[in-house]
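Engineer: One structure follows; several queries about it will come next.
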Amino acid sequence: MKIVIAPDSFKECLSAKAVANAIAKGWKNVLPETDIVILPMADGGEGTLAAMIDATKGELHTLTVTGPLGTPIEARFGVLGNSSTAVVEMAEASGLEKVPSELRNPLKATTYGTGELIRSALDRGVNEIIVALGGSATNDGGAGMMAALGVRFLNDQGQDIGYLIDDFHQLAAIDVSQMDIRLKNTKFITACDVDNPLTGVSGASAVFGPQKGATLEMVDTLDQRLTRYADVLENSLRKKIRQVPGAGAAGGMAAALIAFMDSELKPGIEIVIKATGLHEHLRNADLVITGEGRIDSQTLNGKTPVGVARHAKAFNLPVIALGGSVSNELKLLREAGIDVALSVVNSPCTLATALETGEANLQQMGETLAAFYGIAR
0 MKIVIAPDSF KECLSAKAVA NAIAKGWKNV LPETDIVILP MADGGEGTLA
50 AMIDATKGEL HTLTVTGPLG TPIEARFGVL GNSSTAVVEM AEASGLEKVP
100 SELRNPLKAT TYGTGELIRS ALDRGVNEII VALGGSATND GGAGMMAALG
150 VRFLNDQGQD IGYLIDDFHQ LAAIDVSQMD IRLKNTKFIT ACDVDNPLTG
200 VSGASAVFGP QKGATLEMVD TLDQRLTRYA DVLENSLRKK IRQVPGAGAA
250 GGMAAALIAF MDSELKPGIE IVIKATGLHE HLRNADLVIT GEGRIDSQTL
300 NGKTPVGVAR HAKAFNLPVI ALGGSVSNEL KLLREAGIDV ALSVVNSPCT
350 LATALETGEA NLQQMGETLA AFYGIAR
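Per numbering that gives the first Met the number 0, the very first residue in the sequence shown carries number 0; after that it's consecutive.
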């Protein structure tokens, strides 16, 4: 008997690897002879780096980069087990969690550190870079990232105005003459699970700006700056990116990846599934267990459990999804390929208690599932 355990992380509780290990430990307590494949998953947001490195036995690299506020921070990128593909998770260098709530101001936040991670990945000789978007503190259209890679932003006098979006009312031209030449010979794939354009009422500033500390007035200013940025990008690079679905992801970082690197935007879960070789492990499996912190209607929108379930159903495999909490939308989940969705919380408790007891609850659920499976078999 073989089961595949392929969950996402339980946010603020356990990493995807820790979730999978806890379930596996419980299962083995009841059915120790089971062949268990542990495949930590992610949907392209935070946690993608760790999941892909764990699954492919890759290497993590840590360096000091420029944080969202311009101060030095430690950040990581990874090289997959194939030694030719790097993973850069932008939240590592430019994430919202790197900025105290009282200091959040997307007019002043920069993605420069993410560009430094990409540059370091290029130094490792990779020929493909996967950029995982999500959890950004920034709204600079990826300008900081590109500045770290040699791009210059100029006013109408030809003077360099820096890379902060707050100064882009002066932007008149973009100089790519010193852009890192290695970018042209590197394939970029961007994990992107939203379809927001760069600007407008459904753009980066209007939809995501308030989450990053933007006031209503600041949202208007940000959108004006990104509109000018889009105008100049189109004039300088002859690329129309303003209304490309997904260009507004991560404060417009996706727009820069499209415009400067010709990056392809793909659903994050599909990138992770391919990199981890999920299909190969499903071919002769008997059962799939997946999960995430909360299973609800949002799970249907490109999240890990549904992505894993869809691929499992190609092999006619039963799928169990575990969550800290589970909504009552079970019919929709079944239609999406999840046969059973269960909460691992076994008694009424506070969120703090649920987080504290998450590992123990997952292990207990692993034991319970193994017992049920044994009875059914």
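We treat Cβ as the ideally placed atom computed from N, Cα and C, and that holds for glycine.
What span of residues does the beta strand (DSSP E) with glutamate 127 cover, start to end?
Structural biologist: Mapped onto the sequence shown, residue 127 falls at position 128. 127–131 is the extent of the beta strand (DSSP E) around glutamate 127.
Engineer: Quick one: what's got a C-beta closer than 6 Å to arginine 224's C-beta in the same chain, skipping five residues either side?
Structural biologist: To locate residue 224, count along the sequence shown from 1; it is residue 225. Ile164 and Phe167.
Engineer: Is it right to say leucine 170 is buried, meaning 16 or more other beta carbons lie within 10 angstroms of its own, or is it exposed?
Structural biologist: Within the sequence shown, numbered from 1, the residue matching residue 170 stands at position 171. Within 10 angstroms of the beta-carbon of leucine 170 lie 16 or more other beta-carbons, which makes it buried.
Engineer: Per DSSP, what are the beta-bridge partners of isoleucine 294 in this structure?
Structural biologist: Position 295 of the sequence shown, counted from the first residue, corresponds to residue 294. According to DSSP, isoleucine 294 bridges with Val325.
Engineer: So serine 342 is in the beta strand (DSSP E); what residue range does that whole segment cover?
Structural biologist: Here residue 342 refers to the residue found at position 343 when the sequence shown is read from its first residue. Per DSSP, serine 342 belongs to the beta strand (DSSP E) from 339–342.
Engineer: Please state the DSSP three-state secondary structure of alanine 17.
Structural biologist: On the sequence shown, position 18 is the one that residue 17 refers to. Of the three classes helix, strand and coil, the one that applies to alanine 17 here is helix, per DSSP.
Engineer: DSSP beta-bridge partners for serine 135?
Structural biologist: Indexing the sequence shown from 1 puts residue 135 at position 136. Serine 135 pairs with Gly94.
Engineer: If you drop the 5 nearest sequence neighbours on each side, which residues of the same chain put their C-beta closer than 6 Å to that of leucine 48?
Structural biologist: Residue mapping note: residue 48 aligns to position 49 of the sequence shown, counting from 1. Answer for leucine 48: Gly77, Val86 and Glu88, listed in chain order.
Engineer: In terms of alpha-carbon separation, which member of Lys239, Val287, Gly134 and Gln158 lies closest to aspartate 192?
Structural biologist: As a position in the sequence shown, residue 192 is number 193, starting the count at 1. Comparing Cα-Cα distances from aspartate 192 to each of Lys239, Val287, Gly134 and Gln158, the minimum goes to Gly134.
Engineer: Could you compute how far the alpha carbon of valine 64 sits from the alpha carbon of asparagine 104?
Structural biologist: Position 65 of the sequence shown holds residue 64. Position 105 of the sequence shown holds residue 104. When rounded, the distance between both Cα atoms is 19 Å.
Engineer: Using the Cβ count rule (16 or more neighbours within 10 Å means buried), how would you classify cysteine 348?
Structural biologist: Locating residue 348 in the sequence shown gives position 349, where the first residue counts as 1. Its Cβ having fewer than 16 others within 10 Å, cysteine 348 is exposed.
Engineer: Name the two residues that bound the continuous beta strand (DSSP E) containing glutamate 263.
Structural biologist: The sequence position of residue 263 within the sequence shown is 264, counting from 1. Taken as a continuous stretch (DSSP letters only), the beta strand (DSSP E) holding glutamate 263 covers 263–265.
Engineer: Give the DSSP-derived three-state secondary structure of arginine 75 in the structure shown.
Structural biologist: Stepping through the sequence shown from its first residue, residue 75 is reached at position 76. Arginine 75: strand per DSSP, three-state reduction.
Engineer: Our contact map puts threonine 109 next to threonine 70 with C-beta atoms below 8 Å; I'd like the distance itself, whole angstroms only.
Structural biologist: One-based indexing of the sequence shown puts residue 109 at position 110. One-based indexing of the sequence shown puts residue 70 at position 71. In fact, because the Cβ distance is near 11 Å, the residues do not count as touching under 8 Å.
Engineer: For the stretch 187–249, which segments carrying the alpha helix (DSSP H) assignment without a break, of at least 4 residues, lie completely within its bounds, in sequence order?
Structural biologist: 203–207 and 215–236
Engineer: So threonine 61 is in the beta strand (DSSP E); what residue range does that whole segment cover?
Structural biologist: The residue you call residue 61 lines up with position 62 of the sequence shown. Going by DSSP, threonine 61 is part of the beta strand (DSSP E) stretching over 58–65.
Engineer: May I have the straight-line CA-CA distance separating asparagine 195 from phenylalanine 152, to the nearest angstrom?
Structural biologist: Reading the sequence shown from its first residue, position 196 is the one you call residue 195. Reading the sequence shown from its first residue, position 153 is the one you call residue 152. Answer to the nearest angstrom: the Cα atoms are 25 Å apart.
Engineer: With DSSP collapsed to three states, give me the class of phenylalanine 314.
Structural biologist: On the sequence shown, position 315 is the one that residue 314 refers to. Of the three classes helix, strand and coil, the one that applies to phenylalanine 314 here is coil, per DSSP.
Engineer: Within 8 Å, do at least three Cβ pairs link the stretch 20–30 to the stretch 293–305?
Structural biologist: no
Engineer: Give the DSSP-derived three-state secondary structure of alanine 172 in the structure shown.
Structural biologist: By 1-based counting over the sequence shown, the position of residue 172 is 173. Here alanine 172 sits in strand by DSSP.
Engineer: Need the endpoints of the alpha helix (DSSP H) that arginine 118 sits in, please.
Structural biologist: Along the sequence shown, read from residue 1 onward, the residue named residue 118 stands at position 119. From DSSP, the alpha helix (DSSP H) with arginine 118 extends over 111–122.
Engineer: Can you have a look at glutamine 156 and say buried or exposed, based on whether 16 or more other CB atoms are within 10 angstroms of its CB?
Structural biologist: By one-based count along the sequence shown, residue 156 stands at place 157. Counting Cβ neighbours within 10 Å, glutamine 156 comes out exposed, since fewer than 16 surround it.
Engineer: Spell out a yes or no on whether the stretch 294–314 and the stretch 348–359 are touching, meaning 3 or more CB-CB pairs, one atom from each, closer than 8 Å.
Structural biologist: no
Engineer: DSSP beta-bridge partners for isoleucine 288?
Structural biologist: In the sequence shown, the residue the question calls residue 288 occupies position 289. Partner residues in the beta bridge of isoleucine 288, as assigned by DSSP, are Ile4 and Ile319.
Engineer: In the structure shown, what three-state DSSP assignment does isoleucine 272 receive?
Structural biologist: What you label residue 272 is simply residue 273 of the sequence shown in a count that begins at 1. In the structure shown, isoleucine 272 sits in a helix (DSSP, three-state: H, G or I).
Engineer: Count the CB pairs spanning the stretch 256–263 and the stretch 334–348 that are closer than 8 Å, and state whether there are at least three.
Structural biologist: no
Engineer: Ends of the beta strand (DSSP E) at glutamate 88?
Structural biologist: One-based indexing of the sequence shown puts residue 88 at position 89. Per DSSP, glutamate 88 belongs to the beta strand (DSSP E) from 84–88.
Engineer: Assign aspartate 7 to one of two classes, buried (16 or more other C-beta atoms within 10 Å of its C-beta) or exposed (fewer than that).
Structural biologist: As a first step, residue 7 is located in the sequence shown; it is residue number 8 there, counting from the start. Under this definition aspartate 7 is a buried residue.
Engineer: Going straight from the alpha carbon of threonine 61 to that of isoleucine 374, what length do you get?
Structural biologist: By 1-based counting over the sequence shown, the position of residue 61 is 62. By 1-based counting over the sequence shown, the position of residue 374 is 375. About 47 Å.
Engineer: Lysine 374 lies in the alpha helix (DSSP H); which residues open and close that run?
Structural biologist: The residue given as residue 374 occupies position 375 in the sequence shown. Looking at the sequence itself, residue 374 is isoleucine, so the reference to lysine does not match. Segment 357–375, the alpha helix (DSSP H) holding isoleucine 374.
Engineer: How about alanine 274 and threonine 55: do their beta carbons lie closer than 8 Å?
Structural biologist: Numbered from 1 along the sequence shown, position 275 holds the residue referred to as residue 274. Numbered from 1 along the sequence shown, position 56 holds the residue referred to as residue 55. Yes. Within cutoff.
Engineer: Taking the alpha-carbon of isoleucine 288 as reference, which of Ile128, Ala249, Glu101 and Thr367 has the nearest alpha-carbon?
Structural biologist: As a working note, residue 288 is residue 289 in the sequence shown. Looking at the Cα atoms, Thr367 is the closest of the given residues.
Engineer: Do valine 3 and alanine 284 come within 8 Å of each other at the CB atom, strictly closer than that value?
Structural biologist: Stepping through the sequence shown from its first residue, residue 284 is reached at position 285. Stepping through the sequence shown from its first residue, residue 3 is reached at position 4. Their beta carbons are under 8 Å apart, which means alanine 284 touches valine 3 by this criterion.
Engineer: For tyrosine 228 versus alanine 90, is the C-beta distance shorter than 8 Å?
Structural biologist: Taking the first residue of the sequence shown as 1, we reach residue 228 at position 229. Taking the first residue of the sequence shown as 1, we reach residue 90 at position 91. Not in contact: tyrosine 228 and alanine 90 (Cβ atoms no closer than 8 Å).
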